[in-house]
Amino acid sequence: MLRFAYVRFTLIFPNGAILPRWIGSALRGGLGYALKNNVCTPPSCPFCRNAPCLFRGVYTTRKEKRGFAEPPKPLSIIAQPYSSEMNLKSEETISFDAILLGDYVRSFRQLFVGLKYLGKFGVGSERVYGVNRFEIESAYDALTGRPIDDRSEPPSYDISEVKPLEEKRYLISSRTPFTGPLPPQTADSLLKEVWRRLIILVNEYGDGSRIMLPSSAMKYVLRRAERITLKRRSSRSLKSEFKGWMFDSEVDLTGTSDSERWLLAVGSFLGMGSDFTFGLGHYKILELS
Numbered sequence: 000m001l002r003f004a005y006v007r008f009t010l011i012f013p014n015g016a017i018l019p020r021w022i023g024s025a026l027r028g029g030l031g032y033a034l035k036n037n038v039c040t041p042p043s044c045p046f047c048r049n050a051p052c053l054f055r056g057v058y059t060t061r062k063e064k065r066g067f068a069e070p071p072k073p074l075s076i077i078a079q080p081y082s083s084e085m086n087l088k089s090e091e092t093i094s095f096d097a098i099l100l101g102d103y104v105r106s107f108r109q110l111f112v113g114l115k116y117l118g119k120f121g122v123g124s125e126r127v128y129g130v131n132r133f134e135i136e137s138a139y140d141a142l143t144g145r146p147i148d149d150r151s152e153p154p155s156y157d158i159s160e161v162k163p164l165e166e167k168r169y170l171i172s173s174r175t176p177f178t179g180p181l182p183p184q185t186a187d188s189l190l191k192e193v194w195r196r197l198i199i200l201v202n203e204y205g206d207g208s209r210i211m212l213p214s215s216a217m218k219y220v221l222r223r224a225e226r227i228t229l230k231r232r233s234s235r236s237l238k239s240e241f242k243g244w245m246f247d248s249e250v251d252l253t254g255t256s257d258s259e260r261w262l263l264a265v266g267s268f269l270g271m272g273s274d275f276t277f278g279l280g281h282y283k284i285l286e287l288s
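Residues 0 to 288, numbered by numbering that gives the first Met the number 0, are exactly what the sequence shown covers, in order.
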């Protein structure tokens, strides 16, 4: 239905850094400049001979394969927001995840080399003072721990291979804000938001398979909800902030269907709601005793 690669990067800052609260937006924006100015060499870019152009796929405007709106991009950078601006000491590190979708799994080398170039110039507004430079300390497949470098292609997986969760109790905890008007209030609303994202991604980067929204039988309790605003800077968009929710929900999957448990498991990889492009709506699942 939809192939994806899930890579975890660790960046090391040799001279320390002053990083914005939401590093995901800064990395995404800086990567665009690095790709355009240092990696892409039209009309004979060596990286685009065997893979789609990551710059055009992520940073240019196009229409959906099904519909007329602008589709989500094939790259999502997932970085959990900090509680405040971060001051890193020399040799300290940060980690984030990157998801590539469909044919763009083959564009991983462009992503890796683009990040390497970005590291030479630095990330965040403080880079203008010659700081915030970084190196890629490691990159590995987030599912298996297999190391990856710029000469290899990451393992890819199909969402049809994701196994349903077991019939147990779990905590669903936000990694990045869900940008709906309210956090999911019921089991049905949670499933619908995961299903909605999945359908959009399968239509654009998968095979367009029809996926039914399962009815919910799980017990659901919203335990915590925190309103959060994330600031961003963009030379291409007037949207300067995202408003969303960090939340924790307890679910009991005893007696639920395979399709319901499968959809929740898929959401732990691809997230929920809109704004996949900006790495928002992602959650982790923790088993409760």
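Each residue gets a CB set at the ideal place from its N, CA and C atoms; glycine is no exception.
Treat the numbers as computed from the prediction; the structure is a model and nothing was measured.
> In the DSSP assignment, what residue or residues form a beta bridge with LEU18?
Replying inline: MET85
> Are three or more beta carbon pairs between the stretch 39–50 and the stretch 60–74 nearer than 8 Å?
Replying inline: no
>> To the nearest angstrom, how far is the alpha carbon of PHE133 from that of ASN14?
In response: 8 Å
>> Quick check: is the beta carbon of LEU100 nearer than 7 Å to any beta carbon in chain D?
In response: No chain D is part of this structure, which consists of one protein chain only.
>> If the criterion is Cβ atoms closer than 7 Å, does the pair ASN131 and GLY118 meet it?
In response: no
> What do you get for TYR204, buried or exposed, if any count of 16 or more other CB atoms within 10 angstroms of its CB means buried?
Replying inline: buried
> Of the residues GLY179, ARG223 and ILE17, which one's Cα is nearest the Cα of SER172?
Replying inline: ARG223
> Do the stretch 273–283 and the stretch 165–180 make contact, defined as three or more Cβ pairs closer than 8 Å?
Replying inline: yes
> Per DSSP, GLY243 is paired with what?
Replying inline: ILE227
> Can you name the start and end residues of the beta strand (DSSP E) that PHE3 belongs to?
Replying inline: 2–12
> If we call anything under 7 Å between Cβ atoms a contact, is ILE77 one with GLY278?
Replying inline: yes
> What three-state label does DSSP hand THR92 in the structure shown?
Replying inline: strand
>> Rounded to the nearest angstrom, what separates ARG289 and ALA138 at their Cα positions?
In response: It is not possible to answer for residue 289, since the shown part of the chain is limited to 0 through 288.
> Would you report the Cα separation of VAL220 and PHE46, rounded to the nearest angstrom?
Replying inline: 48 Å
> Which class does PHE107 belong to by DSSP, given the choice of helix, strand or coil?
Replying inline: helix
>> Suppose the cutoff is 8 Å on Cβ atoms and the five residues either side in sequence are ignored; what does the same chain contact list for LEU190 look like?
In response: LEU212, PRO213, SER215, GLU259, LEU262 and LEU263
>> Within 10 Å of its beta-carbon, does SER24 have 16 or more other beta-carbons around it, so buried, or fewer, so exposed?
In response: buried
> In chain order, what residues of the same chain lie with their CB nearer than 6 Å to the CB of ASP149, ignoring the 5 residues before and after it?
Replying inline: ARG108, PHE111 and VAL112
> Can you name the start and end residues of the beta strand (DSSP E) that SER75 belongs to?
Replying inline: 74–77
> Looking only at C-alpha atoms, which of GLY56, SER89 and LYS64 sits nearest to ILE17?
Replying inline: SER89
>> Buried or exposed for GLU69, going by 16 or more other Cβ atoms inside 10 Å?
In response: exposed
> In the structure shown, what three-state DSSP assignment does GLU192 receive?
Replying inline: helix
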